[in-house]
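Student: Residue numbers (our numbering), protein chains in the order written: chain A, 5 to 414; chain B, 2 to 453.
1. May I ask you to list, following chain order, the residues of the segment 279-310 of chain B that have a beta carbon less than 7 Å from some beta carbon of chain A?
2. Quick one: give me the first and last residue of the beta strand (DSSP E) that residue 276 of chain A is part of.
3. Look at residue 165 of chain B and residue 147 of chain B and say whether their C-beta atoms are less than 9 Å apart.
4. Taking three-plus beta-carbon pairs below 8 Å as touching, is the segment 432-441 of chain B in contact with the segment 105-121 of chain B?
5. What residues in the segment 309-337 of chain B have a beta carbon less than 7 Å from any beta carbon of chain A?
6. Any Cβ of chain A within less than 9 Å of the Cβ of residue 421 of chain B?
7. Beta-carbon of residue 400 of chain A versus every beta-carbon of chain B: anything under 9 Å?
8. Between residue 396 of chain A and chain B, is any beta-carbon pair separated by less than 9 Å?
9. Taking 9 Å as the CB-CB limit, is residue 325 of chain A close to chain D?
10. Hey, out of B:62, B:42 and B:76, whose CA is closest to residue 416 of chain B's CA?
11. Could you spell out the range, first to last residue, of the beta strand (DSSP E) harbouring residue 273 of chain A?
12. Under 7 Å between beta-carbons, which chain B residues line up against residue 57 of chain A? List them in chain order, please.
13. Give the residues of chain B in contact with residue 364 of chain A, contact being defined as C-beta atoms less than 8 Å apart.
14. Does any C-beta atom of chain A lie closer than 9 Å to the C-beta of residue 228 of chain B?
15. Mind checking which residues open and close the beta strand (DSSP E) that includes residue 185 of chain A?
16. Among B:217, B:209 and B:295, whose alpha-carbon lies nearest the alpha-carbon of residue 198 of chain B?
17. Using 9 Å as the limit for Cβ to Cβ distance, is residue 404 of chain B near chain A?
18. Ordered along the chain, which non-local residues of its own chain (more than five positions away) have a Cβ less than 6 Å from that of residue 393 of chain B?
19. Taking Cβ positions only, does residue 173 of chain B come closer than 9 Å to chain A?
20. Under the rule that 16 or more other beta-carbon atoms within 10 Å means buried, what is residue 340 of chain B, buried or exposed?
21. Going along chain A in order, which residues have a C-beta closer than 9 Å to the C-beta of residue 49 of chain B?
22. Take residue 322 of chain B and list the residues in its own chain whose beta-carbon comes closer than 7 Å to its own, dropping the five residues that flank it on each side.
23. Using a 10 Å radius around the Cβ and a threshold of 16 neighbouring Cβ atoms, would you call residue 390 of chain B buried or exposed?
24. Return yes when the Cβ of residue 181 of chain B is within less than 9 Å of the Cβ of residue 169 of chain B, no when it is not.
25. Would you say residue 391 of chain B lies against chain A (beta-carbon separation less than 9 Å)?
26. Terminal residues of the continuous beta strand (DSSP E) containing residue 81 of chain A?
27. Should residue 213 of chain A and residue 223 of chain A be called a contact, given that it needs their Cβ atoms to be closer than 9 Å?
28. Which residues, in order along the segment 91-106 of chain A, keep a beta-carbon less than 8 Å from a beta-carbon of chain B?
29. Any C-beta of chain A sitting closer than 9 Å to the C-beta of residue 351 of chain B?
30. Would you check if there are 3 or more beta carbon pairs closer than 8 Å linking the segment 325-335 of chain A to the segment 86-96 of chain A?
31. When the cut-off is 9 Å and only beta carbons count, does residue 6 of chain A lie next to chain B?
32. Once the 5 residues before and after residue 257 of chain B are set aside, which same chain residues still bring their CB inside 7 Å of it?
33. Residues in the same chain with beta-carbon distance under 8 Å from residue 186 of chain B, minus the five sequence neighbours each way, listed in chain order, please.
34. Exposed or buried, residue 266 of chain A, counting other C-beta atoms within 10 Å across all chains shown (16 or more means buried)?
35. What residue from B:328, B:167, B:42 and B:163 has the CA that sits closest to residue 149 of chain B's CA?
36. Are the beta-carbon atoms of residue 155 of chain A and residue 178 of chain B separated by less than 9 Å?
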């Protein structure tokens, strides 16, 4: 092949010289010129893509006409009329499909958020245990990762749901922790705090107190950096802050009442409720994510030069100290990009909870709403748009963060 | 030494070495290693004991359930419960085992699946031998020709009636190709000339150029003709595509998708690395959009939107729709893998190709892609593993893959409510496949590293 191609390229100029027809020469020069060829090729590809899109949409409009369906987002205002088993934001069947969409989004986000937080914590721990010098511990961590990684997530979700959560006792015989927590085959019933003041105020106040503390620390920093000890002004400020915080806390505790789940008939009322499908999806996805993150962490830790371990050992750091001060800060840099991917994957994986009927976005919007309205195109584009938005957002934020922790080359 | 002693005044204090310390305790040997690594501090000892306790507890309970208290022979779940209430009831899984593997494929025709899969493996076997020339061609033939043989065996029916003529011609050509590969391999073991060489004298009488290629084609066509006559004699019972299922379907989807994903991925990856803005942005958009949505939404899209977006007279069965979706999905992920491989190629390779006067297509096809793909083999295997796991999602849209078959056992009237055992069984199957493949890809990765 190499032979033939070189011989071809040698031949062509001779041929061109032998045939001095101006028309062919012009065509050839247009195709041989890099700039003009780039334009022609791109125009061709663009035409092809546009034609493909036009073809698809022409078919779609024809098929929709034939089936008597219409395109438009007006259905979002229509009353949904079906119940959703669990929703974090207020919902009842008289609300619109747009509300259903938001319920799905919030449920998806809350599930993936819990999975990301707990999965990352467990995964980091397992990843560090995997590098333990104790062979028993490291092998245990290794087999945990291997077994979890090599079994499909869907099987694990269904396993946790049908084998573990559905075989819990009925509400009457539920496992309970005092009179506050009840675990049964319907889910987990938790005692909650109900405050007379709205939760928005509470959150705002907590944020305000945190900001105050941060400001205090910032303010006293120059003195601390110079002298190595805090100024007396700082301590006075701290006492004032603590008094204010204590007063606010006392005020809120008085304003709050406990809502305790109590058994009425066959079910509980009061308190907060997490359905069994949430529990199963959460546990399965957390376990699965932790295994993936453990591998990421292990790879990141092993990417650090061995000399760094030895240097830390030489200056007398304990294992925990060398992890905290030497190894983890360096490993973070190589861990963050794959960790971001892992988090994104867990947002996408939350769609698998549809298999056990957890009311997340795909389940409530792509299945139930689509079956009821038949607006397949709009609904699929909305759902995909949500996932695309989330993944662009997370990767944008983490790219920013990633830039800030990379080595600064001066 | 004597001189020194004489010169030193006797009043000076003499250097007296401290006696050597006793030898350190041996760290070699099994017990030394165990003590050093498991019991070198109190915390570590506690940790070790905890791990041992947890392991003992786990292993004991799992073994009790799965082996010692398990029931292997029973007619239904009630009998299982009567024999041993707190053990696994493997009898149900055993009676459904064929269903898990072949789905609802007719029992009398299941040998065809075995033959088809075996044929696929046999086709790839020559790749192991270093004697065989042109192993890339064999791999390409597996991708291009084997699917026709496989589809013929799995679908059955007669050419021209249930199956198209083109399919029939391709099946004969494929079988002929396989025959030539094996004949040539066996002949080469005895240092004989290949089968196609027999035609060289005949062919050289008529033409002068490309004698070897033409004689190969002649041999190929002749054997294909023989195959056509042979196939005409047998008639296989037609099996509807809806009856495919079980592990068989899972593997069909995953292997089809991974083979299609490579060309799609190559095109997208080259597009993304292209300097032409339109092509770069188009491929990047496709890759990023597909990668940022979950597979299940792509599957739903294929099932609901393909009928809308394609002309009314084009009809796809559900498997074809799923295959389209999975191929696009796998292609986008493969594109990112291949881009990684392309980036790992040193710049000197591009420059050397340019120096030789190779154009873009030749540079890619002859210099860059062969090296990049070779380096990518472990990654491609990893993608195959994740694809194999992702394939279980097709059960959500109602294809009877291994997952749905396993869940269906609980609906059988003899085995009502039996969820645990089938799930454990298919988990073990998946674990065995995926783990062994990942270990193999690791060794392959090490070998490729050494090669370079």
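Even for Gly, the Cβ is constructed at its ideal location relative to N, Cα and C. Model, not experiment: these values are computed from the prediction.
Tutor: A quick look at the data gives this:
1. 279, 280, 283, 290, 293, 294, 295, 297, 298, 301, 302, 305, 306, 309 and 310
2. Position 272 of the first chain holds residue 276 of chain A. Taken as a continuous stretch (DSSP letters only), the beta strand (DSSP E) holding residue 276 of chain A covers 276-279.
3. By 1-based counting over the second chain, the position of residue 165 of chain B is 164. By 1-based counting over the second chain, the position of residue 147 of chain B is 146. Taking 9 Å as the Cβ cut-off, residue 165 of chain B and residue 147 of chain B do not qualify as a contacting pair.
4. no
5. 309, 310, 311, 312 and 313
6. Within the second chain, numbered from 1, the residue matching residue 421 of chain B stands at position 420. Yes, its Cβ sits closer than 9 Å to a Cβ of chain A.
7. Along the first chain, one-based indexing puts residue 400 of chain A at 396. Cβ-Cβ to chain B under 9 Å: no for residue 400 of chain A.
8. As a working mapping, residue 396 of chain A is identified with position 392 in the first chain. With 9 Å as the cut-off, residue 396 of chain A counts as an interface residue toward chain B.
9. In the displayed structure, chain D is absent; the protein chains listed are A and B.
10. Along the second chain, one-based indexing puts residue 416 of chain B at 415. Closest option to residue 416 of chain B, Cα to Cα, is B:76.
11. Translated into positions along the first chain, residue 273 of chain A becomes position 269. Residues 271-273.
12. The count along the first chain starts at 1 and reaches residue 57 of chain A at position 53. Residues of chain B passing the Cβ test: none, with the nearest at roughly 10 Å.
13. Mapped onto the first chain, residue 364 of chain A falls at position 360. Neighbours of residue 364 of chain A on chain B: none; closest Cβ ~11 Å, over 8 Å.
14. As a working note, residue 228 of chain B is residue 227 in the second chain. Residue 228 of chain B does not count as touching chain A.
15. Within the first chain, the letter at position 181 stands for residue 185 of chain A. Here the beta strand (DSSP E) through residue 185 of chain A covers 185-188.
16. Indexing the second chain from 1 puts residue 198 of chain B at position 197. Out of B:217, B:209 and B:295, B:217 has the C-alpha closest to the C-alpha of residue 198 of chain B.
17. The residue labelled residue 404 of chain B in the question sits at position 403 within the second chain. Judged by the 9 Å Cβ criterion, residue 404 of chain B is in contact with chain A.
18. Against the second chain, residue 393 of chain B aligns to sequence position 392. Excluding positions up to five away in sequence, the list reads 404.
19. In the second chain, the residue the question calls residue 173 of chain B occupies position 172. So no, residue 173 of chain B is outside the interface.
20. Residue numbering aside, residue 340 of chain B sits at position 339 when the second chain is read from its first letter. Result: buried.
21. For the purposes of this step, residue 49 of chain B is taken as residue 48 along the second chain, with counting starting at 1. Under the 9 Å cutoff, chain A gives 138, 140 and 141.
22. As a position in the second chain, residue 322 of chain B is number 321, starting the count at 1. Counting only Cβ-Cβ distances below 7 Å, and skipping sequence neighbours, we find 303, 304 and 307.
23. Numbered from 1 along the second chain, position 389 holds the residue referred to as residue 390 of chain B. Under this definition residue 390 of chain B is a buried residue.
24. Mapped onto the second chain, residue 169 of chain B falls at position 168. Mapped onto the second chain, residue 181 of chain B falls at position 180. No, the Cβ-Cβ distance between residue 169 of chain B and residue 181 of chain B is not below 9 Å.
25. By one-based count along the second chain, residue 391 of chain B stands at place 390. It does; some Cβ of chain A falls within 9 Å.
26. Within the first chain, residue 81 of chain A is the residue found at index 77, counting from 1. No beta strand (DSSP E) holds residue 81 of chain A; DSSP gives it neither H nor E.
27. What you label residue 213 of chain A is simply residue 209 of the first chain in a count that begins at 1. What you label residue 223 of chain A is simply residue 219 of the first chain in a count that begins at 1. Against a cut-off of 9 Å, the Cβ pair of residue 223 of chain A and residue 213 of chain A comes out as no contact.
28. none
29. For the purposes of this step, residue 351 of chain B is taken as residue 350 along the second chain, with counting starting at 1. Output row for residue 351 of chain B: interface = no.
30. no
31. In the first chain, counting from the first residue as 1, residue 6 of chain A sits at position 2. The predicted model places residue 6 of chain A with a pLDDT of 42, which falls under 50 and marks its position as unreliable; any figure quoted below should be read in that light. Interface residue, yes.
32. As a working note, residue 257 of chain B is residue 256 in the second chain. Excluding residues within five positions, the ones whose Cβ falls inside 7 Å are 324.
33. Position 185 of the second chain holds residue 186 of chain B. Cβ within range, chain order: 127, 130, 132 and 133.
34. What you label residue 266 of chain A is simply residue 262 of the first chain in a count that begins at 1. By the 10 Å Cβ count, residue 266 of chain A comes out exposed.
35. To locate residue 149 of chain B, count along the second chain from 1; it is residue 148. Of B:328, B:167, B:42 and B:163, the residue nearest in Cα terms is B:167.
36. The residue given as residue 155 of chain A occupies position 151 in the first chain. The residue given as residue 178 of chain B occupies position 177 in the second chain. For residue 155 of chain A and residue 178 of chain B, no; Cβs fall outside 9 Å.
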